[in-house]
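Residue numbers (our numbering), protein chains in the order written: chain A, -1 to 431; chain B, -1 to 431.
For every residue, glycine included, the Cβ atom is placed at its ideal position computed from N, Cα and C.
This report refers to the structure that appears directly beneath it.
Spelled out as C-alpha cells, the structure:
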C-alpha cells in the first residue's frame, strides 16, 4: 500500500516497530530519514536503509472544522480577538510540510477553552497573512476593525498576528490609535498551535487575563517573558523588538522596561497574579473617545549602514518623503575621506544632501539598538546634523520608521521634523542627565 | 579679559567660586550653562544668570606631544599595537567641542605605563580614522600591517580601532587571516582616553595580558565585559556585535559564548586571572605560517527588510555580486499577496529573481540577530529557497556581509554558494538537533 504524509503508519526495522503519523519532508533531518510523530507528541527519525517495511494503518483525512459559539456569561468582560493570521493561527500541514495558516475563529476559541473562563470571547478573522507581508494599509485595516469593535462596547481587544512584524505592527498602531478607552493587546506565537511547545495558548490567556483583571487601557504586546511557561510580559508597543528567530521569549523591551508581568502559575493560591512594573499608564475610561488616525505616507525607507557603502545606496532614496538611517554607534554613516582608500566617501554627504533637497526627512537611529544616538559627540555626527539629519534619540529603527511614515501622513513637513524627536507614545525615553 | 574654551578660569557666583577648565559647548547641558572641568575630573554646569564674573587664570596652550620610547626588557613578550584611530586614540578637543582623533603612538604608550610591565610595546599608526569610514580596502591595509609585524617576530598584535565597526572589522580579518601563529586582538574604547570613565586603558591592558599570559593564537576582540571595571571579555571575532551605542560593555557574543575572561582586579593574590570559557581554540605555534588572503569583492550589499517595501528596493542590487538580506524572523521577506492591499508584493519575487539572474549571490540572515534562519518552516521561506536564496544559518548579518565579500573575492561563484553556509571561522554554530 502506498503511504503518504499524514497517514498513520507502522514503520518496521529489524529491531523495532514505530507507529505514528508519517511527517512531511523534515526540516532538520536529511532526506535519508523518515520522520514519525509518535502518540506522545515526539518526533522520531528512522534511517531509510534500516526500514524493512512501511504499513499504512489509517489514511490521512482532512479534519472537518466545526463551528463553535460561546454561550454568554454575565459578569465576565467582553473581549474581541481580531485575527490577522500568523503562527498563532497555524498548524503543521501534514501534506505540504512546513506550517500553513489554517484557521477559523471559532476553532481558535474551541482550541483554548480556558479563555471562556476569563471573558466572553468573540473572534473575527480580519486578514489571513504572514506578518512579513504587512503594509501600512494593513495597519489601517486593523485600526478600522478595532474602531468597529470598540463601537460595539467591547471591553478589550486582542490582535493575533504573525511574530515577524508583531512589534512593528504594535508600534504603528500605537501611533495610529491616538487615544483609546480600552486595552488593545497584540499577541502571537513562535510555535504553531498543534505543537506541544506552542506558546499560543498561554500568550492568548495572559492577554485576556491582563485585559479582564487590570485597569490598563492602551496598546501593548503580550508574549512569553522567559523560556519557562510561568510568566508573560506585557510590553510597551513602541519599545519592543523581536530579538530571537525562534525562542518563545524572543520579545524584549529595548531602552525600556516591561509594563507588567502576568503569572500563569498559581502562586500561594493567587491565580494569575499580575504585577505592574510601570507605575504610570493610561487607565480604562468608558468616557474617553477612541481616536484613530490611520494615514501613513507610503514613500518612506529604512537604510542600514554598513562598511564599504556606495553613494548610490543613499541617492536611491531621492524623492522619498522620509528615510530612517540605521547608523553605526552614536548615529554615524561613512562620509569622510581620512585617506585615499576612502575617496569615494567624498560623494556620500553630497548624495545625502540630494536626498534631503528632494524633500525627504532624514532621521538617525542606531544599529546597536540599545542606547541613544548622540550626534554632537563626534565630528561625523555634527557634520550629519549640519546636513539636516534629525536625531532619533533612543527610538528603535523600526519604530522610527513607522513613526516617520505616520507623522508624514498627518502633519506638515516642518511639524514632522519637530515631532520626530519628541516623545509621543513612549517611543523615546527621557534623557538621564 | 576674554575667555575661551580650554582656558583655566575662575567662575564666580554669589555663593561660590569654581576653578577649572572651561569646556566647549556641552553635549547634554543647554546653552544657558557654562561647564567647568574641575581638578578632580568632574564637570560642573553653572547657570549663566548666576555667574557674576569669569576670571582667566591661564590661557589654553596646545600641548606639545613628546616622543616616548620604551626601554627593552628581556623576558617580556613583544606586542605591537597597530592603531587605526577611533576613540581609543582620541581626546576631547577643548576648542571645537566634541571628540577628535588626536594621537601619536608614543603618547599612547606613555599614557598607559602599565603596558610596559606586561610586554615590550611597540606601536604604529597605520591609519587615523573613525571606523565608520572603513572600506574593504582598509581591511587589506590592516592585514598587510599585521603581516609586516609578524615577520619581525612579534609575539602578538593589538589592533586599536573605532568601536562602531570594530566587530565587523574583526570578523573581516578573521576571514582574511586564514591562519596565524600569534594572537591578533581588536580593541577600542567607548569613552575617550582623557575621561575618567574611559575604558581605553583597561581594554588595552587586558588585551596585552591575554596575549602575554595565554597560548591563544587567532583573531579575537577584547572589550569590557560588564559596566564595572573588573573584567574584560575576549570575544569570538565573527560572533560579536556592538549592542549599545555608549555603554562600555556594549560588545556581546551573539549565538555564542566568550572565548575567555580577563580579570583586571587582583583576586586572592592572583593578579589578572584569565579564565577560558571555550575549551578548544588554536594555540600559539611559531612554526605555523601566517596566511593572509585579503581580497574582497567590492560590489556586495546588505538589505534590511521592513514592512511596506517596494520591488525597486530589491532591484537596486541588480549587477551586484553579492547581497545579504537581513530578513524577518526565520529568514523572510515580503513577497506574497494574501489580499489586494499587498498586490505590489507580486513584483517582489520577480525583482529578487532579476537580482539573482544578474549573477548575484543572495544570502539570508535574520534581523532578530539572535537565533538561526530556518527557511524550510514556512512557505515564505521555502519560496525564497526556490528562488535561490541561501540560508545564512546563525550568522550575524554583518558577518555574513564581510564573509560573502571575502568569499566572492577568492572563490568561484559555485564554491561561494557552497561555502557561505559552512562554518569556516566559528561564524556558524553547530546545529543542535
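In the assembly as shown, residue 304/A is a buried residue. Its beta-carbon has 16 or more other beta-carbons within 10 Å.
For residue 271/B, no chain A residue has a Cβ inside 7 angstroms of its Cβ, as the nearest lies near 29 angstroms away. Residue burial annotation: residue 195/A is exposed, with fewer than 16 other C-beta atoms found within 10 angstroms of its C-beta. Counting only the Cα atoms, residue 84/B lies some 6 angstroms from residue 129/B.
For residue 311/B, the secondary structure class from DSSP, reduced to helix, strand or coil, is helix. Residue-level contact by beta carbon fails for residue 348/B and chain A, as no gap is shorter than 8 angstroms. Under DSSP, the beta-bridge partners assigned to residue 220/A are 185/A, 232/A. Legend: CB atoms of the segment 363 to 387 of chain B lying less than 7 angstroms from CB atoms of chain A belong to residues 364, 366, 367, 368, 369, 370, 371, 372, 374, 375, 376, 377, 378, 380. Residue pairing by DSSP places residue 10/B opposite 15/B, 51/B in a beta bridge. Look at the beta carbons and you see the segment 284 to 292 of chain A not touching the segment 220 to 231 of chain A: under three pairs across the two are nearer than 8 angstroms. In this structure the segment 205 to 222 of chain A does not lie against the segment 358 to 377 of chain B, because fewer than three pairs of beta carbons, one per stretch, are closer than 8 angstroms. By the C-beta criterion, the segment 399 to 412 of chain A is judged not to be in contact with the segment -1 to 14 of chain B, since fewer than 3 inter-stretch pairs fall below 8 angstroms. A distance below 6 angstroms between beta-carbons, with the five flanking residues on each side excluded, links residue 154/A to the following residues of its chain, in chain order: 77, 180, 181, 209.
Around the beta carbon of residue 332/B, a 10 Å sphere encloses 16 or more other beta carbons of the protein chains shown; the residue is thus reported as buried.
Secondary structure remark: continuous beta strand (DSSP E) runs of at least 3 residues inside the segment 120 to 206 of chain A, in chain order: 154 to 158, 175 to 177, 181 to 185.
By the criterion of a C-beta distance shorter than 6 angstroms, residue 172/A is surrounded in its chain by 217, 235, 236, 423, once the five residues flanking it on both sides are discounted.
Closer than 9 angstroms at the C-beta level to chain A, one finds these residues of the segment 385 to 416 of chain B: 392, 395, 396, 399, 400, 403. Residue 186/A is not a Cβ neighbour of residue 156/A, given a cutoff of 8 angstroms.
Between residue 300/A and residue 395/A, the gap from beta carbon to beta carbon is short of 8 angstroms. For residue 55/B, the closest of 374/B, 352/B, 315/B, 3/B by C-alpha to C-alpha distance is 3/B. As the crow flies, the alpha-carbon of residue 232/A is around 7 angstroms from that of residue 260/A. For residue 134/B, at least one C-beta of chain A is nearer than 8 angstroms to its own C-beta. Under the three-state reduction of DSSP, residue 356/B is assigned to coil, being neither helix nor strand. Out of 426/A, 321/A, 349/A, 411/A, the CA that lies nearest to the CA of residue 371/A is found in 426/A. Residue 206/A and residue 368/A have their C-alpha atoms roughly 30 angstroms apart. Among the bridge pairs identified by DSSP, residue 111/B is matched with none. By the rule that beta-carbons nearer than 8 angstroms mark a contact, residue 139/A touches chain B.
The beta carbon of residue 199/A is closer than 8 angstroms to those of 109, 110, 112, 191 in its chain, skipping five residues each way along the sequence. Within chain A, the residues whose beta carbon sits less than 9 angstroms from that of residue 324/B are 302, listed in sequence order. For the segment 220 to 254 of chain A, residues whose beta-carbon sits nearer than 9 angstroms to a beta-carbon of chain B comprise 239, 240, 241, 242, 243, 244, 245, 248. Beta-bridge analysis with DSSP links residue 388/B to 361/B. Just so you know, the alpha carbons of residue 74/B and residue 389/A end up roughly 48 angstroms apart. Annotation for residue 391/A: 370, 371, 419, 426 place their beta carbon closer than 7 angstroms to its own, counting only its chain and skipping 5 residues before and after. Bridge partners of residue 261/A according to DSSP: 229/A. For the segment 118 to 132 of chain A, the set of residues with a beta-carbon nearer than 8 angstroms to any beta-carbon of chain B comprises 125, 126, 127, 128, 129, 130, 131, 132, in chain order.
In the three-state scheme derived from DSSP, where H, G and I count as helix and E and B as strand, residue 239/B is classed as strand.
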